[in-house]
Each structure stands twice: as C-alpha cells, then as structure tokens.
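In the numbering used here, the protein residues as written are 74 to 232.
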Amino acid sequence: MNQSKNGDDAPILSALDVFEMAISYLARRDHAEGELREKLRRKSVDDALIDEAFADLRERDYLNDARFAELQGAILARKGWGPMQIAHKLSARGINQALIAESLAMIEQETSWFELCQKRFEAKFGALARLTPKERQKAYRYLTHRGFAGAVIRQVIFA
C-alpha cells in the first residue's frame with residue numbers, strides 16, 4: 074500500500090490490496106458477503122474496490138452466501154438454536170431471506186424442529202421432567218428464547 078500524495082496518512086488502496094484484505098478475513102473464517110463488506114468499509118475501503126474484489130472472490134467461489142447460510146444454519150441447529158433464532162442470526166450477518174429459508178429447509182430435511190426442541194428441553198430440564206406450572210413457564214421462555222415456535226414448545230412441554 075502506498076501513502077497518499079497529499080501528505081495525509083490515508084493509504085491509497087488498489088483492487089489487489091482489497092482482494093488481499095478480504096482473503097485475509099476469509100482465511101480466518103467463512104464470512105457472509107454483507108458482514109465482509111461491512112468490515113472492509115470500516116477500513117475506509119471504497120465500495121467500487123469492494124465490488125471489484127467481491128466479483129473475483131465469487132468467481133473463485135471463496136465468497137458464497139448460499140454455502141455460508143447452509144453451514145452456519147447447520148452449526149446453529151447443532152448448538153440447539155431454533156428456526157426463528159437461526160433466521161435472526163443469519164439475517165444479522167447479511168444473509169437474504171431466500172437463502173435463510175433454503176438453509177432452514179435443509180436443516181428440516183435432516184431433523185425436525187420438534188426433535189431439536191426436545192433435545193434442548195431435556196438438556197436443560199432433564200428427560201421426562203415433571204414440571205410445576207412455574208417451571209413450565211420457565212421452560213417455555215427458555216425455548217422461546219432459543220428460537221422455537223410456540224406450537225412446538227407446547228408439544229414438547231406437555232407431551
């Protein structure tokens with residue numbers, strides 16, 4: 074990187090510099106396009122240079138939001154998060170709603186939300202737990218926070 078000619082300390086970035094910065098981030102972990110764009114903007118990188126670098130990254134399949142959504146969705150499901158929380162977390166990372174829906178559908182093909190909710194319930198409250206009404210409310214709040222739908226939670230708690 075070169076220093077600017079007007080004497081200030083702002084570096085002049087080339088498309089190659091931006092590409093290398095993006096590769097550096099992607100080498101550490103996979104990123105959604107939106108979150109990587111935001112990281113580069115925080116480094117005062119011009120949008121035109123970001124677009125140019127992203128075109129090259131997409132062409133090489135280093136940057137792929139569909140793959141990112143699928144992998145992150147599966148990781149979050151394995152960690153016991155429900156569909157609403159997974160959708161929220163993916164959306165916060167810049168994934169569009171269509172890719173989120175595809176990711177959730179792929180997770181649902183492998184396992185049911187009922188089974189995932191039941192596993193979270195059993196991990197927190199024990200298998201075949203007999204709950205008082207107050208404990209049921211606590212379980213309901215906990216599973217709601219984890220992102221499971223009310224109908225699924227009721228099936229698990231009152232089964």
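Idealized CB from N, CA, C, for every residue including glycine.
- C-alpha of Glu183 to C-alpha of Asp124: approximately 35 angstroms in a straight line.
- If you draw a straight line from the Cα of Gly199 to the Cα of Asp119, it comes to about 53 angstroms.
- DSSP places Gly107 in the uninterrupted alpha helix (DSSP H) bounded by Glu106 to Arg115.
- Gly155 sits away from Gly107, with the two beta carbons spaced by 8 angstroms or more.
- By the Cβ-count criterion, Ala121 is exposed, with fewer than 16 other Cβ atoms from all chains shown falling within 10 Å of its own Cβ.
- In the pairwise beta carbon analysis, the segment 110–118 is classified as not touching the segment 135–148: fewer than three pairs are separated by under 8 angstroms.
- With contacts defined as CB atoms closer than 8 angstroms, Lys192 and Gly153 qualify as a contacting pair.
- At a cut-off of 4 residues, the continuous stretches assigned as alpha helix (DSSP H) that sit fully inside the segment 154–182 are 156–165.
- Arg219: not part of any alpha helix (DSSP H); DSSP gives it neither H nor E.
- Residues Gly167 of the same chain have their beta carbon placed closer than 8 angstroms to that of Glu111, with the five preceding and five following residues left out of the count.
- In the three-state DSSP reduction, Gly199 falls in the coil class, being neither helix nor strand.
- At the C-beta level, Trp186 and Phe221 come within 8 angstroms of one another.
- Under a 10 Å Cβ-count criterion, Ser176 is classified as buried, with 16 or more other Cβ atoms of the shown protein chains found around its own Cβ.
- The beta carbon of Phe127 is closer than 7 angstroms to those of Glu106 and Leu136 in its chain, skipping five residues each way along the sequence.
- DSSP places Ser97 within a helical segment (H, G or I) once states are collapsed to three.
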